[in-house]
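Asker: Here the protein sequences line up with chains A and B, keeping their order. With my numbering, the residue at position 320 of the first sequence is 320, and numbering never jumps. With my numbering, the residue at position 185 of the second sequence is 515, and numbering never jumps.
Protein chains: 2
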Amino acid sequence: MGNVEPSLVAQALEGDRRALARLISLVEDESHDAYAALAALHPRTGRAHVVGVTGAPGTGKSTLVNELARQLRAGGATVGVVAVDPSSPFTGGALLGDRVRMRDLVGDPGVFVRSMASRGNPGGLAQATGNVVRVLDAAGFDTILVETVGAGQAEVDVAHAAHTTVVVEAPGLGDEVQALKAGLLEIADVLVVNKADRPGAARAAQALEMVINGAASREGSVSRGDLTRMTEANTNGWKPPIVQTIALDGTGVQEVIHAVAAHREHLHGSGLWAGREEARIEKELLDVLRTELLDRLLARVGREQVRDLARRIAERETDLYTAVRTLVGR
Amino acid sequence: MGNVEPSLVAQALEGDRRALARLISLVEDESHDAYAALAALHPRTGRAHVVGVTGAPGTGKSTLVNELARQLRAGGATVGVVAVDPSSPFTGGALLGDRVRMRDLVGDPGVFVRSMASRGNPGGLAQATGNVVRVLDAAGFDTILVETVGAGQAEVDVAHAAHTTVVVEAPGLGDEVQALKAGLLEIADVLVVNKADRPGAARAAQALEMVINGAASREGSVSRGDLTRMTEANTNGWKPPIVQTIALDGTGVQEVIHAVAAHREHLHGSGLWAGREEARIEKELLDVLRTELLDRLLARVGREQVRDLARRIAERETDLYTAVRTLVGR
Numbered sequence: 001m002g003n004v005e006p007s008l009v010a011q012a013l014e015g016d017r018r019a020l021a022r023l024i025s026l027v028e029d030e031s032h033d034a035y036a037a038l039a040a041l042h043p044r045t046g047r048a049h050v051v052g053v054t055g056a057p058g059t060g061k062s063t064l065v066n067e068l069a070r071q072l073r074a075g076g077a078t079v080g081v082v083a084v085d086p087s088s089p090f091t092g093g094a095l096l097g098d099r100v101r102m103r104d105l106v107g108d109p110g111v112f113v114r115s116m117a118s119r120g121n122p123g124g125l126a127q128a129t130g131n132v133v134r135v136l137d138a139a140g141f142d143t144i145l146v147e148t149v150g151a152g153q154a155e156v157d158v159a160h161a162a163h164t165t166v167v168v169e170a171p172g173l174g175d176e177v178q179a180l181k182a183g184l185l186e187i188a189d190v191l192v193v194n195k196a197d198r199p200g201a202a203r204a205a206q207a208l209e210m211v212i213n214g215a216a217s218r219e220g221s222v223s224r225g226d227l228t229r230m231t232e233a234n235t236n237g238w239k240p241p242i243v244q245t246i247a248l249d250g251t252g253v254q255e256v257i258h259a260v261a262a263h264r265e266h267l268h269g270s271g272l273w274a275g276r277e278e279a280r281i282e283k284e285l286l287d288v289l290r291t292e293l294l295d296r297l298l299a300r301v302g303r304e305q306v307r308d309l310a311r312r313i314a315e316r317e318t319d320l321y322t323a324v325r326t327l328v329g330r
Numbered sequence: 331m332g333n334v335e336p337s338l339v340a341q342a343l344e345g346d347r348r349a350l351a352r353l354i355s356l357v358e359d360e361s362h363d364a365y366a367a368l369a370a371l372h373p374r375t376g377r378a379h380v381v382g383v384t385g386a387p388g389t390g391k392s393t394l395v396n397e398l399a400r401q402l403r404a405g406g407a408t409v410g411v412v413a414v415d416p417s418s419p420f421t422g423g424a425l426l427g428d429r430v431r432m433r434d435l436v437g438d439p440g441v442f443v444r445s446m447a448s449r450g451n452p453g454g455l456a457q458a459t460g461n462v463v464r465v466l467d468a469a470g471f472d473t474i475l476v477e478t479v480g481a482g483q484a485e486v487d488v489a490h491a492a493h494t495t496v497v498v499e500a501p502g503l504g505d506e507v508q509a510l511k512a513g514l515l516e517i518a519d520v521l522v523v524n525k526a527d528r529p530g531a532a533r534a535a536q537a538l539e540m541v542i543n544g545a546a547s548r549e550g551s552v553s554r555g556d557l558t559r560m561t562e563a564n565t566n567g568w569k570p571p572i573v574q575t576i577a578l579d580g581t582g583v584q585e586v587i588h589a590v591a592a593h594r595e596h597l598h599g600s601g602l603w604a605g606r607e608e609a610r611i612e613k614e615l616l617d618v619l620r621t622e623l624l625d626r627l628l629a630r631v632g633r634e635q636v637r638d639l640a641r642r643i644a645e646r647e648t649d650l651y652t653a654v655r656t657l658v659g660r
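Here it is as structure tokens:
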């Protein structure tokens, strides 16, 4: 610990983009140097508005993130983008057309885009993403957009680390309300029906409206669990607005920006901002502890012993829980 | 540890379904009793064929899982189903039509269905799912189908714990090849184009064929990284077959069953079965260690101290990594 060059942190915070990129790579890898760097950054964090954007594949959320970044930037804000979605153009998993659109953001010093590998993070994707967000926060970006594919637990965890979560739907993807099926409605602070020029957009918005108002329970198409969770999520007096957009030409994106800003005001006004921050930090602390404790154990017993025990478990010479006791004692 | 009634394990293994359900709940919660139960079960595990079924929402993979279970059962096999997909009818997140279809499987003692909560598992979804699979394996189910939504890291982890992974596509979901965009092709052992009666099914199958043969790289529509990973995945002489199905009426499902059985033969014949088992067990061992080490620390320092540190971090009185050092020492 403590081997990170203090100058790297200083340079990154002064706006040196190459230093910032190196610093992000450092914290993404969660080395001991990363811990030192994050400790140094900590006093400067806590100012950015972290906005998660999530939804099923095919809803056009990458295009929406691109357009949100452009329009926020046009309004004078600085914007960080962290793309966790493997299908995002920001992560290189996209088709040619998407890549061309992305160039709009390239070369503007007020925008910083980072894509996250969707696997291989030792402490988990949510933890690595949280670290990257923290660096961008400390570097002074006003809004940080975190794009996730929003169907797995890791993505829900990432969304939970955001102050405001935007859930994106689109008509004609085979389900009336995909977000509901994917369990996403309960984390939505703002709902977007993208591709609003397609048939079925108004109906999709209506269906969401009905679900949010609890009317759908009488139709038998929403499970009680979903509604209970949604009701809990909405007890603090915030009802997720539903915005129709055509991200491809920018239609409705200003409304999304207004809804996101209104949610931020709501969080501050209701005291929820501090509560979310504490809950997020406690979870992060437990994640880091888990990683740190395992690292220390492996340094002590040696990776080879673990591998050997795994082989013996596979051959049914011992079992997993006896092996755990062997490694950590009773 | 060791407080689990030995009779619960015995009863579950003798085919008592209520005991089996209780045992599954026990291991899902990952208590110390769970460890004892899993240790007792271990010698009887390792016989089931664990088949992951994954794909984007809207591909009809739940219907396919339902139909696979029915047709496997009709062929004389016993079948366990573990549904991790929050949109699956098995998890209660489905529309009415899906639920009605599911009844086909109810009341048959040769079928056992378990749905997993998609959040709240202390050691992670993959670990809890692995434990449930282990119980069904020990209880003697021949094939265990694990259904995941297949877009997040947790789901990829679940799939990695399977012997054979079936990736489901469907035409008309807005992308030519959704699995490719979601990074799923690299884990596919069998590819299914479901909803084959819809327009575009043949084209989707063709597109997959091209990608698997590497031809798509010259079209510029597939990133080099995807192809490299896919090539690595296929170096053991297995080329994922592409099967077209209409899961709703059962068309093509026998072909999927044959492809899955052929893959099992391939794993055994090539020695890969043992290799996958060892890799899976090593990962599981690390996961359990991580959970166990944190539990022990929390028991020692008290949860209250962790919460207090989180509050102080939020107020910028200290930082995350200083807090970690406070809790575990340098």
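Glycine included, each C-beta is placed from N, C-alpha and C at the ideal position. Quantities reported herein were computed from a predicted structural model and do not represent experimental measurements.
1) Is the number of C-beta pairs between the segment 619 to 630 of chain B and the segment 516 to 535 of chain B that are closer than 8 Å three or more?
2) Hey, how far is the Cα of A:T251 from the Cα of A:V79?
3) So who's on the other strand from B:H598, going by DSSP bridges?
4) Taking A:N188 as the reference, give the member of A:A207, A:H163, A:A34, A:H268 with the closest Cα.
5) Measuring alpha carbon to alpha carbon, tell me which of B:A404, B:D363, B:V411 ends up nearest B:V383.
6) Leaving aside the five residues before and after B:Q635 along the sequence, list all residues of the same chain whose C-beta is less than 8 Å from its C-beta, in chain order.
7) Between which two residues does the beta strand (DSSP E) harbouring A:I187 extend?
8) If A:L13 sits next to B:L650, beta carbons under 8 Å apart, how far is it from one beta carbon to the other, in whole angstroms?
9) Hey, B:P465 and B:L402: beta-carbon distance below 9 Å or not?
10) Is it buried or exposed for A:A161, if we count other Cβ within 10 angstroms and need 16 for buried?
11) Does B:H593 pass the burial test, meaning 16 or more other C-beta atoms within 10 Å, or should it be called exposed?
12) Taking only beta carbons into account, state which residues of the segment 272 to 297 of chain A come closer than 9 Å to chain B, listed in chain order.
13) In the DSSP assignment, the beta strand (DSSP E) including B:I572 goes from what residue to what residue?
14) Find the nearest neighbour of B:V443 within the set B:A456, B:G460, B:V476, B:N461, judged by alpha-carbon distance.
15) Suppose you measure from the CA of B:V479 to the CA of B:V496; what does that come to, to the nearest Å?
16) Going by the C-beta, is B:V441 closer than 8 Å to any heavy atom of the ligand GTP?
17) When Cβ atoms are compared, which residues of the segment 634 to 658 of chain B fall closer than 7 Å to chain A?
18) Count the other C-beta atoms from every protein chain shown that fall within 10 angstroms of the C-beta of B:R620, then say buried if there are 16 or more, exposed otherwise.
19) Name, going along the chain, the residues of the segment 47 to 59 of chain A whose beta-carbon falls closer than 7 Å to a beta-carbon of chain B.
20) Spell out a yes or no on whether the segment 240 to 260 of chain A and the segment 62 to 70 of chain A are touching, meaning 3 or more CB-CB pairs, one atom from each, closer than 8 Å.
21) Express the C-alpha separation of B:L353 and B:A340 in angstroms, rounding to a whole number.
22) Counting only Cβ pairs nearer than 8 Å, list the residues of chain A close to B:P373.
23) Taking CB distances under 9 Å as the criterion, tell me whether A:L38 reaches chain B.
24) Taking only beta-carbon positions, decide if A:L173 is within less than 9 Å of chain B.
25) Tell whether a beta-carbon distance below 9 Å holds between A:I212 and A:P240.
26) Assign B:S355 to buried or exposed, taking buried as 16 or more other Cβ atoms, counted over all protein chains shown, within 10 Å of its Cβ.
27) Do you know whose CA, among A:V193, A:G130, A:G58, lies nearest A:K283's CA?
28) Under a three-way DSSP split, which group does B:G376 fall into?
29) Ignore the nearest five residues each way along the sequence and tell me which others in B:G599's own chain have a CB closer than 7 Å to its CB.
30) Measuring CA to CA, which of B:H379, B:L368, B:L514 is closest to A:I313?
31) Please state the DSSP three-state secondary structure of B:E622.
32) Using a Cβ-Cβ cutoff of less than 8 Å, which residues in the same chain neighbour A:P109 once the five nearest sequence positions on both sides are dropped?
33) Of the choices B:L338, B:G470, B:E516, B:A378, whose alpha-carbon is the least far from that of B:G385?
34) Would you list the one or two residues that DSSP bridges to A:L145?
Answerer: Straight from the coordinates:
1) no
2) 20 Å
3) Paired residue(s): none; B:H598 is not in a bridge.
4) Per the sequence shown, the amino acid found at residue 188 of chain A is Ala instead of Asn. Among A:A207, A:H163, A:A34, A:H268, the Cα nearest to that of A:A188 belongs to A:H163.
5) B:V411
6) L657
7) A:I187 -> no beta strand (DSSP E), and no H or E assigned at all.
8) Not a contact, Cβ separation roughly 18 Å.
9) Inspection of the sequence shows that residue 465 of chain B is occupied by Val rather than by Pro. No, they are not a contact pair.
10) buried
11) buried
12) A274, E277, E278, A279, R280, I281, E282, K283, E284, L285, L286, V288, L289, R290, T291, E292, L293, L294, R296, L297
13) 572 to 574
14) B:V476
15) 12 Å
16) With respect to small molecules bound, the structure shown includes none, and the ligand GTP cannot be examined in it.
17) V636, R637, L639, A640, R641, I643, A644, R646, D649, L650, Y651, T652, A653, V654, L657, V658
18) buried
19) A56, P57, G58
20) yes
21) 10 Å
22) R316, D319
23) yes
24) yes
25) yes
26) exposed
27) A:G130
28) coil
29) none
30) B:L368
31) helix
32) G15, R17
33) B:E516
34) A:V51, A:V81
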